[in-house]
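In the working numbering, the protein residues as written are 7 to 430. Right, one structure below, let's go through it.
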Amino acid sequence: MVKLKRDLTLLGLVFYGVGIILGAGIYVLVGHATAEAGNAVWMSFVIAAIIASFTGLSYVELSSMYPKDAAEYTFVKTAFKDTTIGFVIGWLTFTMTIIAGAAVALGFGQYLGSLTGISTVAGAAALIILFAILNYAGIKMSSRINIILTSLTILGLLIIIAIGLPHIGSVNYFETPNGFLGIFGAAAIVFFAYLGFDEIVNVSEEAKSAKRNVPKAIIISVIITTIIYILVSLSAVSVVPWQQLGESGTPMALVAEQGVGPSAGLLLGIFALFATASTVLILMIAASRMLFGMAEDKVMPKALLKVGKRKTPYVCILVITVVSLIFVMYTGIKDIALLVDFSAFFVFAMINLSTLVLRFTQPNMKRLFRVPLSIGQVPLLPLLGFMISSYMILNFSISLIWYGIMVMIAGYVFYKFYEAGEKK
């Protein structure tokens with residue numbers, strides 16, 4: 007069997023997780039959330055972290071049992087003992103990872119264009135090609151670059167925290183215009199700031215001591231990002247009145263400008279570049295490893311299993327690069343980018359359900375981590391995770407749900423044609 011090189015340490019995995027979770031979303035989401043929760047927006051981040059941890063802990067338990075690339079495909083296929091169901095979930099995850107990467111790359115292109123005048127598409131395409139080369143160079147090199155990009159992303163947020171520190175205590179941090187409903191409404195908004203912890207499991211086959219380090223990395227990443235989010239939100243409302251933050255499209259830049267001066271706003275724009283770049287790099291790595299993992303299980307063409315001298319799946323990387331560039335050129339990418347949110351919750355529902363099923367079908371299988379709080383054999387947190395994810399799915403528009411279903415049907419048709427071809 008073709009093997010990838012295990013070069014990812016626990017530190018590399020943690021930076022991988024922190025990089026994908028932080029991203030550039032926090033630079034915008036604080037404004038939307040503050041409009042709902044006011045100065046109590048920090049409570050929304052705490053609530054969102056707790057909700058995200060329900061699914062996060064399911065990933066931790068499952069990854070301690072099956073540390074493999076194409077994790078969602080593996081978990082669902084094993085739980086339901088059905089390759090077709092597993093493939094459809096894997097297909098959905100893979101497709102949406104590429105779309106998310108292309109959408110974020112365009113965000114990078116917009117930031118770069120505002121600073122240099124380069125067109126958005128050209129900037130996005132250049133970033134994708136650069137990261138394809140880096141991806142091919144090896145996971146160790148990619149990890150090092152990601153550590154640098156993520157460190158710069160964190161530095162940008164630490165600047166916001168530092169700006170706010172002298173003002174801490176200047177406002178009532180429980181002041182909220184809409185009461186608890188507003189706080190919970192804002193929690194639904196900032197929940198998206200936690201998406202990405204699931205991507206850690208898709209580099210399991212390149213992680214050292216994967217059964218131990220992947221679960222640890224998920225937990226540590228969520229804890230680190232939660233602390234950063236809380237401190238950033240407290241600092242933001244301490245410097246700028248929540249009413250102004252709620253109306254701003256660039257709340258972090260507004261905090262920097264009011265706290266230091268106009269030049270600080272420009273500096274935050276540069277840090278947003280690093281944040282978007284880090285996200286694109288991680289999503290491209292994750293997508294290529296998903297494809298490789300499914301090819302390993304013989305549900306994708308075996309040509310995808312080709313590995314270069316640097317022990318990286320170069321055919322998968324090439325496929326991801328070409329498809330990503332196509333999506334970047336597609337002018338309607340922002341419309342289909344909403345499918346990422348739908349697919350995330352659909353996959354989360356299936357992951358939590360898989361955790362529940364495996365507690366009954368494989369009760370004696372060794373788990374290096376077991377989700378706490380159970381009634382009998384039923385783990386309560388995955389059950390809550392399943393219920394919350396299902397509720398979120400039902401809140402999407404009917405048209406968006408249909409688009410998501412069409413993506414899954416396309417995956418089903420692809421698999422059945424591929425399966426029929428393999429049997430000939």
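Even glycine gets a Cβ: it sits at the ideal position worked out from N, Cα and C. In this text, all values refer to a predicted model and were calculated from it rather than measured experimentally.
Query                                                                                                                                                                                           : Result
Please report the Cβ distance between VAL328 and GLU78, rounded to the nearest whole angstrom; I am assuming they are in contact, meaning their Cβ atoms lie under 8 angstroms.                 : Wrong, their Cβ atoms sit about 23 angstroms apart, outside the cutoff.
Three Cβ pairs or more, each shorter than 8 angstroms: is that satisfied between the segment 353-366 and the segment 391-399?                                                                   : yes
Label ASN401 either buried or exposed according to how many other C-beta atoms from any shown protein chain fall within 10 Å of its C-beta, with 16 as the threshold for buried.                : exposed
Is ALA292 near THR103, with beta carbons less than 9 angstroms apart?                                                                                                                           : yes
Have a look at the DSSP bridge pairing and note the partners of VAL384.                                                                                                                         : ILE381
Grab the span of the alpha helix (DSSP H) containing ALA168 for me, first residue to last.                                                                                                      : 145-170
Considering only their Cβ atoms, is the gap separating GLY23 from SER227 smaller than 9 angstroms?                                                                                              : yes
Just to confirm before moving on: does the CB-CB distance between LEU171 and SER241 stay below 9 angstroms?                                                                                     : yes
Relative to the C-alpha of VAL47, which residue among LEU19, TYR397 and TRP248 is closest?                                                                                                      : TRP248
Starting from GLY275, trace the alpha helix (DSSP H) both ways and give me its first and last residue.                                                                                          : 268-302
Excluding the five sequence neighbours on either side, which residues of its own chain have a C-beta within less than 6 angstroms of the C-beta of GLY265, listed in chain order?               : ILE169 and VAL245
Where DSSP assigns a beta bridge to ALA213, which residues make up the other side?                                                                                                              : LEU14
One question on the structure: do ALA199 and LEU19 come within less than 9 angstroms of each other, judged by their Cβ atoms?                                                                   : no
Note the first and the last residue of the continuous alpha helix (DSSP H) segment covering PRO257.                                                                                             : 257-265
So, under 8 angstroms CB-CB, GLY115 and ALA130 are touching, yes? Tell me the CB distance rounded to an integer number of Å.                                                                    : 4 angstroms
Consult DSSP for SER403 and reduce its assignment to one of helix, strand or coil.                                                                                                              : coil
Put TYR72 into one of helix, strand or coil per three-state DSSP.                                                                                                                               : coil
Would you kindly work out how many angstroms separate the C-alpha atoms of GLY175 and PRO385, rounded to a whole number?                                                                        : 40 angstroms
Return helix, strand or coil for ILE104, following the three-state DSSP convention.                                                                                                             : helix
Would you please state the rounded distance, in angstroms, between the beta carbons of PRO73 and LYS217? I believe it to be under 8 angstroms.                                                  : 5 angstroms
Does the pairing of the segment 404-424 with the segment 91-99 give three or more beta-carbon distances under 8 angstroms?                                                                      : yes
Would you give the residue range spanned by the alpha helix (DSSP H) that HIS38 belongs to?                                                                                                     : 32-43
Three-state secondary structure (DSSP) at ARG373?                                                                                                                                               : coil
If we count the other Cβ atoms within 10 Å of its Cβ and call it buried at 16 or more, is LEU186 buried or exposed?                                                                             : A quick correction: the sequence has Phe, not Leu, at residue 186. Classification for PHE186: exposed.
Which word fits LYS211, buried or exposed, when buried means at least 16 other C-beta atoms lie within 10 angstroms of its C-beta?                                                              : First, the residue type needs correcting, since residue 211 is Glu and not Lys in the sequence shown. Per the 10 Å Cβ criterion, buried.
Assuming ILE357 and THR61 are in contact, meaning their beta carbons sit under 8 angstroms apart, how far apart are those beta carbons, in whole angstroms?                                     : 6 angstroms
Return the Cβ separation of MET296 and ALA111 in integer angstroms, given the expectation that the two are a contact with Cβ distance under 8 angstroms.                                        : Contact doesn't hold; Cβ gap of about 18 angstroms is too wide.
Give every residue of the same chain whose Cβ lies closer than 7 angstroms to the Cβ of ILE323, excluding the five residues on either side of it in the sequence, and list them in chain order. : ALA138, ASN141, TYR142 and SER294
Indicate the three-state DSSP secondary structure (helix, strand or coil) for PRO221 in the structure shown.                                                                                    : helix
Residues in the same chain with beta-carbon distance under 7 angstroms from ALA192, minus the five sequence neighbours each way, listed in chain order, please.                                 : ALA39, GLU42, ALA43, VAL47 and SER50
Using beta-carbon positions only, say whether GLY37 and THR282 come within less than 9 angstroms of one another.                                                                                : no
Return the CA-CA distance between LEU331 and PHE86, expressed in angstroms with no decimal places.                                                                                              : 35 angstroms
Would you call GLU181 buried or exposed, if buried means 16 or more other Cβ atoms sit within 10 Å of its Cβ?                                                                                   : exposed
Do the CB positions of LEU155 and GLY25 come within less than 9 angstroms of each other?                                                                                                        : yes
Output the distance between the C-alpha atoms of ALA58 and LEU237, rounded to the nearest integer angstrom.                                                                                     : 18 angstroms
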